[in-house]
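Heads up: the protein sequence lines correspond to chains W and D, in order.
For the first sequence, the numbering used here begins at 519 and goes up steadily by one.
For the second sequence, the numbering used here begins at 38 and goes up steadily by one.
We put the CB at the ideal spot given by N, CA and C, even for glycine.
What you are looking at is a predicted structure, and each value in this text was computed from that prediction instead of being measured.
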Amino acid sequence: MRKLDALLELFQEAEPAERLELLLDFAERLPPLPPEYVPLRDAGLGMVHECQSPVFFLPEVQDGRVRIYADVPREAPTPRAFTAMLVEAFDGEPPEVVLEAPEDLLYRLGIAPLLGMQRLRGLTAIYQKLRREVAEKAGLSANPR
Amino acid sequence: MAAYAHPEVLVSTDWVAEHLNDTEHVRIVESDEDVLLYETGHIPNAVKIDWVQDLQDPIVRDYISKERFEELCASRGIANDTLVVFYGDKNNWWACYAFWVFKLFGHEKCAIMDGGRQKWIAEGRPLTREVPSFPRTTYRAKAPDPSIRAFREEVLAHMRAGKPLIDVRTPAEYRGELTHMPDYPQEGALRAGHIPGAKNVPWSMAVREDGTFKPREELERIYLREKGLKPDDEVITYCRIGERSSHTWFVLKYLLGFEHVKNYDGSWTEWGNLVGVPIEKGDPEAAQS
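This is how it looks when you write it as structure tokens:
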């Protein structure tokens with residue numbers, strides 16, 4: 519089973535109230551940013567400008583695998599949780615897995631209604647950045663189907 | 038705080054620290070942009086009110102009904118005479134938004150904790166994950182107060198009459214440079230710019246680094262002397278969805294004592310999509326940022 523499918527199953531089987539708890543767990547699981555990326559973050563690279571918090575999100579493709587380097591402040595637990603979920607689902611996978619993932623991931627996870635339409639912008643921007651940069655760095659086009 | 042027009046609507050973090058166990062008379066309410074922040078830790082005895090889940094109707098683009106507001110207050114142990122003290126993230130944007138909704142339904146005793154979550158944490162004060170519960174109350178709300186909320190027809194008439202409008206978004210949004218938000222169709226507006234005649238005063242100009250409101254004389258310099266507003270003007274504030282503008286609404290109404298100020302919560306997401314209304318681009322009036 520792909521890691522993304524496991525994640526989708528986890529969220530889809532949870533009650534709406536439990537989804538908040540799952541998100542909270544993820545917010546606590548974001549791996550620390552490797553020290554060599556700290557200067558990039560501090561220079562403002564990889565910022566997701568649509569987010570209202572200083573979210574650093576840098577997807578790369580190394581040796582045919584997706585790597586995600588990210589740092590989201592603890593004061594912004596929702597984007598932090600979503601970032602940790604993307605790391606869990608896609609880090610180490612081939613780029614095709616990202617590009618074939620559903621565009622409406624936030625809806626399929628069932629977290630869109632928790633957030634409301636107005637709050638989705640930042641998270642959508644993080645996801646789009648992942649897809650765009652992975653496509654570009656892997657020399658593929660997004661949404662191959 | 039004494040110099041403000043209505044100093045009783047602001048309380049300090051010290052005041053909250055001293056009153057957080059007075060749960061019979063005071064209810065502390067956390068209201069954040071981030072839906073998870075309360076769960077990561079909040080002021081002891083604070084309850085959560087979420088601006089999406091709790092305050093907005095899921096079907097109609099509007100606030101909850103009077104009956105649902107009564108239920109919300111009852112379930113949080115808020116009685117008609119409870120002093121409700123709001124605080125939150127992002128310089129109290131959503132705290133001011135929740136304050137405004139409570140005023141809409143006629144709740145009398147409302148206050149904002151100056152400096153919000155940021156200041157409470159910066160001062161090393163305690164946070165807890167324990168979710169308190171309080172005895173249910175019987176709450177009676179009033180019909181929504183039209184004197185603090187502007188609808189689109191009213192904004193159009195206001196604009197045509199040349200009355201003051203304050204656009205509290207960033208200068209780039211105001212000038213209409215952010216015309217295009219690829220990938221985010223659910224939030225876009227088909228036109229970018231501002232309501233003709235609106236002046237640009239980003240909400241952030243009203244706060245200091247530590248998240249507290251600027252002193253009255255500085256607020257008077259910004260809104261009265263630089264933007265030419267007068268306390269007896271009829272003013273309408275707006276932003277993108279009405280949350281940042283409720284912050285400025287609070288500043289004008291309670292800190293500077295404007296009598297007639299309304300928040301246009303339809304804001305740019307409505308105006309920028311309305312068929313048949315004009316917009317203005319560019320910027321004679323954009324604030325320096």
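For D/THR119, the three-state secondary structure derived from DSSP is coil. As for any alpha helix (DSSP H) of minimum length 4 sitting wholly inside the segment 134-162 of chain D, the runs are 153-159, ordered along the chain. Contact check between the segment 66-85 of chain D and the segment 601-620 of chain W: fewer than three CB pairs, one atom from each, fall below 8 Å, which does not count as touching. Neighbours of D/GLU70 in chain W, taken as residues at a C-beta separation under 8 Å, are given in chain order as GLN570 and ARG637. Taking 8 Å as the CB threshold, D/VAL53 stays off the interface with chain W.
With fewer than 16 neighbouring CB atoms inside 10 Å of its own CB, W/VAL556 falls in the exposed class. Within chain D, no residue has its beta carbon less than 7 Å from that of W/ALA532; the closest one is some 15 Å off. Within 9 Å of the CB of D/ILE278, the CB atoms of chain W belong to GLN636, in sequence order along the chain. Residue W/VAL579 holds the alpha-carbon nearest to the alpha-carbon of W/LEU658 among W/VAL566, W/LEU558 and W/VAL579. Of the candidates W/LYS521, W/CYS569 and W/PRO577, the residue whose Cα lies closest to the Cα of W/THR596 is W/CYS569. Nearest to W/LEU627 by C-alpha distance, out of W/ALA561, W/LEU558, W/LEU604 and W/GLY582, is W/LEU604. Excluding the 5 residues flanking it on each side, D/MET242 has same chain C-beta neighbours closer than 6 Å at ILE259, in chain order. With fewer than 16 other beta carbons inside 10 angstroms of its own, W/ASP622 counts as exposed. Across the structure, D/ALA226 and D/GLY213 are spaced so that their CA atoms are roughly 11 Å apart.
Buried is the label assigned to D/LYS236, since at least 16 other Cβ atoms lie within 10 Å of its Cβ. Taking C-beta separations shorter than 8 Å and ignoring five residues to either side along the sequence, the partners of W/GLU593 in its chain run SER571, following chain order. If you draw a straight line from the Cα of D/ARG253 to the Cα of W/LEU624, it is about 44 Å long.
Residues of chain D with a Cβ closer than 7 Å to the Cβ of W/THR596 are, in chain order, ASP71, VAL72 and LEU73. With contacts defined by Cβ atoms closer than 8 Å, D/GLY153 and D/TYR134 do not form a contacting pair. Contact between the segment 96-103 of chain D and the segment 631-640 of chain W is absent: fewer than 3 CB-CB pairs across the two stretches fall below 8 Å. Close to chain D, meaning a Cβ-Cβ distance shorter than 7 Å, are the following residues of the segment 532-546 of chain W: LEU538, LEU541, LEU542 and ALA545. Flagged as an interface residue toward chain W: D/THR77, by a C-beta distance shorter than 8 Å.
Counting along the chain, the unbroken alpha helix (DSSP H) around W/ASP523 starts and ends at 521-531.
In the structure shown, W/THR596 adopts helical secondary structure according to DSSP, grouped into three states. Non-local beta-carbon contacts of D/ALA83 in its own chain, meaning distances under 6 Å to residues more than five positions away in sequence, involve ILE65 and GLU67 in chain order. Around the CB of D/ASN58, fewer than 16 other CB atoms lie within 10 Å, so the residue is classed as exposed.
Look at the segment 598-622 of chain W: the residues with a C-beta under 8 Å from a C-beta of chain D are ALA599.
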